[in-house]
Amino acid sequence: MGDSQYSFSLTTFSPSGKLVQIEYALTAVSAGQTSLGIKASNGVVIATEKKLPSILVDENSVHKIQLLTPNIGVAYSGMGPDSRVLVRKSRKQAQQYKRLYNEPIPLSQLVRETAVVMQEFTQSGGVRPFGVSLLVAGFDDNGPQLYQVDPSGSYFSWKASAIGKNVSNAKTFLEKRYTDDMELEDAIHTAILTLKEGFEGQISGKNIEIGIVDASRKFRVLTPAEVDDYLAEVE
Amino acid sequence: MTKTAIDLPPKGGFSFDLCRRNAFLESQGAKMPKFRKTGTTIVGLVFKDGVILGADTRATEGEIVCDKNCEKIHYLAPNIYCCGAGTAADTENVTDMVSSQLELHRYATSRESRVVTALTMLKSHLFGYQGKVSAALVLGGVDVTGPHLHAVYPHGSTDTLPFATMGSGSLAAMAVFESRFKEGMTKEQGIEVVCAAICAGIFNDLGSGSNVDLCVITKGGKEYLRNYQQPNPRSYTHSKGYHFTTILSSKIRSLRNHVRVVEGDAMEEE
Chain D
192 MGDSQYSFSL TTFSPSGKLV QIEYALTAVS AGQTSLGIKA SNGVVIATEK KLPSILVDEN
252 SVHKIQLLTP NIGVAYSGMG PDSRVLVRKS RKQAQQYKRL YNEPIPLSQL VRETAVVMQE
312 FTQSGGVRPF GVSLLVAGFD DNGPQLYQVD PSGSYFSWKA SAIGKNVSNA KTFLEKRYTD
372 DMELEDAIHT AILTLKEGFE GQISGKNIEI GIVDASRKFR VLTPAEVDDY LAEVE
Chain C
132 MTKTAIDLPP KGGFSFDLCR RNAFLESQGA KMPKFRKTGT TIVGLVFKDG VILGADTRAT
192 EGEIVCDKNC EKIHYLAPNI YCCGAGTAAD TENVTDMVSS QLELHRYATS RESRVVTALT
252 MLKSHLFGYQ GKVSAALVLG GVDVTGPHLH AVYPHGSTDT LPFATMGSGS LAAMAVFESR
312 FKEGMTKEQG IEVVCAAICA GIFNDLGSGS NVDLCVITKG GKEYLRNYQQ PNPRSYTHSK
372 GYHFTTILSS KIRSLRNHVR VVEGDAMEEE
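Protein chains in written order, with my numbering: chain D, 192 to 426; chain C, 132 to 401.
Okay, structure coming up:
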């Protein structure tokens, strides 16, 4: 990176005006495990599949949903290692913001800074775009919010969204079920049902991960036991 | 694009670039600015269930008291606090920076911060600046390995102790500790000894004064007792407050008689 031989961007326009590398990155995202998020009136829930490549993998060591600040969490679909880079950068940016302005970073600012980083990697020498889409959920002074950030660097605020495999079915399901005055508990049930729709195999607290943030502004990942309880409620 | 340059780690340490200039200016008679110091008495003590930190609340600028009730016990982590003596800006910023670094470390490791981690981050930073960052700290906290108390000196050396004092009032406070400290005290006993030590500093050291701040950290959590004792109350304010007499007379003059309103063009902008 930064070497003179690679000071040109690998992401270049096609004759039809598309950036093919970004399209391919989105394809990588669509091949990733499903993640979804739902914004309720009093909180946000994000959930992701946690299909491990083999039964020998220690599932306690895998954490797909990560904390960025005490009140903001993130889930991803696509390439795990790429998401780690973004999570690390976002955490640092949040700390820098706090040191500069002496207030916790608003969610929209953090999302924008992350998106800026992702865009830089589509217009810099010797690098490729990130192969992840992120679902960032948080609760700040502007209430509960859910954002989706794509490999191109574009971001949108969503009431409910899904990324990864099976996106169209999941979105249709969410469109039918979503209501503006949904509460967090209903949102968690809806999230589980949506994940269940496209799930291959037996769904349990061990192969999905759910993160919630409510009015207490503390984002937390539910334990497998709590997830199993919600699954039992949904049955 | 500058962003693609290799991310070098920050060089850190003191930059001596301006030292020659400063020495020259001083030799020419320019006065070096006085900076705000926390004259200070800060103490820490390990008791049965954890750690108690104490501090006075006076901040001085040379011979003037510039803050009668400043906060000298700084937050580093939910289970780690740090008292700071020396230049106020240095203690505040160093503890702020390390607190930020500890938070990032907590996210990366998914674990509660350890006192030795904070200690190592502080001492590395201070050593890198060769004592120019004038921060003398009493660092205390409780983590999975138990309660810990350390004294950190501006050049980067540290002591690990059951009781520690720093600042201009440290001798007065240490005299109290040396005679009254016992291992395995209860919380009430510990608070009493810490208050006595800080009060010794407040009353016998000019650089310390005003109130006593405490922070009690145990495995279960922390109690930040701001202004736990106020042995120097303001006793000279008017007890009945101030009130003003009824209006004796009033005279209203209309400005319209003196100001002529003229229509005109808007000002031209160059």
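Yeah, the Cβ is synthetic: ideal placement off N, Cα and C, and Gly gets one too.
In the three-state reduction of the DSSP assignment, residue 422 of chain D falls in the helix class, which pools H, G and I. For the alpha helix (DSSP H) assignment, the uninterrupted runs of no fewer than 4 residues enclosed by the segment 373-415 of chain D are, from N- to C-terminal side, 375-388.
Nearest to residue 392 of chain D by alpha-carbon distance, out of D:204, D:382, D:219 and D:243, is D:243. Between the alpha carbons of residue 317 of chain C and residue 373 of chain D lies a distance of about 50 angstroms. In this structure, residue 329 of chain D lies away from residue 197 of chain D, with their beta-carbon atoms at least 7 angstroms apart.
In the DSSP annotation of this structure, the continuous segment of the alpha helix (DSSP H) that includes residue 276 of chain D starts and ends at 271-292. For residue 210 of chain D, no Cβ of chain C is located within less than 7 angstroms of the residue's own Cβ.
Residue 324 of chain C carries a helical assignment under DSSP once its states are collapsed to helix, strand and coil. Residue contact check for residue 201 of chain D against chain C: no CB pair falls below 7 angstroms. Within chain D, no residue has its CB atom less than 7 angstroms from the CB of residue 157 of chain C, the nearest being about 32 angstroms off. With a threshold of 7 angstroms between beta carbons, residue 290 of chain D makes contact with chain C. With fewer than 16 other Cβ atoms inside 10 Å of its own Cβ, residue 152 of chain C counts as exposed. Chain D places a beta carbon closer than 7 angstroms to that of residue 238 of chain C, counting this residue as a contact.
DSSP places residue 357 of chain C in the strand class (E or B) of the three-state scheme. Residues of the segment 217-237 of chain C with a C-beta atom less than 7 angstroms from some C-beta of chain D are 227, 231, 234 and 235, listed in chain order. Inclusion of residue 187 of chain C and residue 366 of chain C in the CB contact set at 7 angstroms is not warranted, their separation being larger than that value.
When C:335, C:286 and C:175 are compared, the shortest CA-CA separation from residue 344 of chain C is found for C:175. For a Cβ distance threshold of 9 angstroms, nothing in chain C lies close to residue 247 of chain D: the least Cβ distance comes to about 22 angstroms.
For residue 150 of chain C, the uninterrupted alpha helix (DSSP H) run begins and ends at 150-158, by DSSP. The C-alpha of residue 229 of chain C lies about 17 angstroms from the C-alpha of residue 279 of chain D. Of the residues C:334, C:279, C:301 and C:360, the one whose Cα lies closest to the Cα of residue 326 of chain C is C:360.
Non-local C-beta neighbours of residue 364 of chain C in its own chain, meaning closer than 8 angstroms and more than five positions away in sequence, are absent.
Here residue 342 of chain C is buried. Its C-beta has 16 or more other C-beta atoms within 10 Å. Residues of chain C with a Cβ closer than 8 angstroms to the Cβ of residue 255 of chain D do not exist, since the nearest Cβ in that chain sits about 13 angstroms away. For residue 347 of chain D, the uninterrupted beta strand (DSSP E) run begins and ends at 346-348, by DSSP.
Per the C-alpha coordinates, the member of D:257, D:400, D:343 and D:314 positioned closest to residue 322 of chain D is D:343.
Here residue 396 of chain D has 415, 418 and 419 as same chain residues with Cβ atoms under 6 angstroms from its own Cβ, once five neighbours each way along the sequence are excluded. Following the DSSP letters along the chain, one finds residue 217 of chain C inside the beta strand (DSSP E) bounded by residues 211-218. Residue 324 of chain D and residue 354 of chain D have their C-alpha atoms some 7 angstroms from each other.
In this structure, D:314 is the residue among D:314, D:281 and D:302 with its C-alpha nearest to the C-alpha of residue 204 of chain D.
At a cut-off of 7 angstroms between C-beta atoms, residue 286 of chain D counts as an interface residue with respect to chain C. The C-alpha of residue 308 of chain D lies about 11 angstroms from the C-alpha of residue 284 of chain D. Sequence-distant Cβ neighbours of residue 268 of chain C in its own chain, meaning closer than 6 angstroms and more than five residues away, are 213, 215 and 283. DSSP places residue 277 of chain C inside the beta strand (DSSP E), whose first and last residues are 277-283.
For residue 280 of chain D, there are no neighbours in chain C by C-beta distance under 9 angstroms, as the nearest C-beta there is about 11 angstroms away.
With respect to chain C, the C-beta atom of residue 375 of chain D has no partner C-beta closer than 7 angstroms.
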